[in-house]
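If you count by the working numbering, then the sequence shown holds residues 107 to 165, one letter each, in order.
First up is the structure itself, then whatever we jot down about it.
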Amino acid sequence: INEKGLKKISGIVLNRRISKSQQVSNWDADVLSEAQLRYAATDAWICLMIYNSLRDSIK
Numbered sequence: 107i108n109e110k111g112l113k114k115i116s117g118i119v120l121n122r123r124i125s126k127s128q129q130v131s132n133w134d135a136d137v138l139s140e141a142q143l144r145y146a147a148t149d150a151w152i153c154l155m156i157y158n159s160l161r162d163s164i165k
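See the structure below:
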């Protein structure tokens, strides 16, 4: 995989599209919005899913 970026890699490895719309939102806010929390959780979850998929593919 020569791509850099979670959106592209998740498309290649998982055949899944993820939204990056909250990437440029205000992350310095005292309270994060529901959309920001969902975005952060999705980023972490997708990374784990990519790792698991790649790990399983080399077994």
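Glycine included, every Cβ here is placed at the ideal spot set by N, Cα and C.
What you are looking at is a predicted structure, and each value in this text was computed from that prediction instead of being measured.
Where the alpha helix (DSSP H) through Gly117 begins and ends: Following the DSSP letters along the chain, one finds Gly117 inside the alpha helix (DSSP H) bounded by residues Leu112 to Leu120.
CB contact flag (Ser159, Val119, <7 Å): At a Cβ-Cβ threshold of 7 Å, Ser159 and Val119 count as neighbours.
For Leu138, the three-state DSSP class (helix, strand or coil): Annotated three-state conformation of Leu138 is coil, per DSSP.
Alpha carbon of Asp134 to alpha carbon of Gln142, nearest angstrom: In a straight line, the C-alpha of Asp134 is about 11 Å away from that of Gln142.
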